[in-house]
Amino acid sequence: MEKVAVYKSVLMGASLIADAELADLDIRISHRAESGTRKLLIPAKSLEQYKALVRVKLENGFWNDFVGEDLIYFIFKMPDGEINEFVYDEEDRLTIAKLCTELNHDPIEKTSDLLNYLAENDFYTTVVGAYKSKRNNR
């Protein structure tokens, strides 16, 4: 039986996204912080619907990313509501890092090492490691 791809996401700035909306997409909440931040497990079949939900309901000034062994994806919702989306690749790494710095106020020196920046979150550490390993074996 083939392993079904599951992506991880730390969803914050998304109080308008109800747990039921996530459940309707077969997205599992693996942890909820008191702040309202939710750690999600997203099946590959739900990614496009999840992106659509985030584009509409993420609060301005936040971003959401989801991380898998084969894909890292970012949706930034700027303070003015403009949306910028990126599939992680080396070509866009600095652009993504600058947006992370702008919205999160972490120094560019920290965000520019984007994969390690993501891996600092213990929810992402293992999957980012697997992503790096796959990428290095290409």
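So for the sequence shown, our numbering puts the first residue at 2; every next one is plus one.
Note that the Cβ used here is the ideal one computed from N, Cα and C, for glycine as well.
Predicted model, so just to flag it, every value in this text is computed and none were measured.
_Taking the alpha-carbon of M79 as reference, which of A21, W64, L26 has the nearest alpha-carbon?_
Residue mapping note: residue 79 aligns to position 78 of the sequence shown, counting from 1. Of the candidates A21, W64, L26, the one whose C-alpha sits nearest the C-alpha of M79 is W64.
*asked:* Along the chain, where does the beta strand (DSSP E) containing E86 start, and where does it finish?
replied: Here residue 86 refers to the residue found at position 85 of the sequence shown. 84 to 88 is the span of the beta strand (DSSP E), which, as asked, contains E86.
*Under the rule that 16 or more other beta-carbon atoms within 10 Å means buried, what is K40, buried or exposed?*
If you number the sequence shown from 1, residue 40 lands on position 39. Buried.
*Separation of E49 from A19, as counted between CA atoms*: If you number the sequence shown from 1, residue 19 lands on position 18. If you number the sequence shown from 1, residue 49 lands on position 48. Approximately 17 Å, taken between the alpha carbons.
*Are the beta-carbon atoms belonging to V68 and Y125 less than 7 Å from one another?*
Working through the sequence shown from its first residue, we reach residue 68 at position 67. Working through the sequence shown from its first residue, we reach residue 125 at position 124. Taking 7 Å as the Cβ cut-off, V68 and Y125 qualify as a contacting pair.
_Taking only three categories from DSSP, how would you classify Y8?_
Counting from 1 along the sequence shown, the entry for residue 8 is found at position 7. Strand.
*Whole-number beta carbon distance between I97 and L115, since they are thought to touch under 8 Å*: Position 114 of the sequence shown holds residue 115. Position 96 of the sequence shown holds residue 97. Contact flag correct, Cβ pair sits at about 6 Å.
*Considering only residues of the stretch 69 to 135, which uninterrupted alpha helix (DSSP H) runs meet the minimum length of 4 residues and lie entirely inside it, listed in chain order?*
94 to 105, 109 to 112, 115 to 120
*Using the rule of at least 16 other Cβ atoms within 10 Å of the residue's Cβ for burial, across every protein chain shown, is T112 buried or exposed?*
Residue mapping note: residue 112 aligns to position 111 of the sequence shown, counting from 1. The residue in question, T112, is buried, as its Cβ has 16 or more Cβ neighbours within 10 Å.
*Around the C-beta of S36, are 16 or more other C-beta atoms found within 10 angstroms, so that it is buried, or is it exposed?*
Within the sequence shown, numbered from 1, the residue matching residue 36 stands at position 35. Exposed is the call here.
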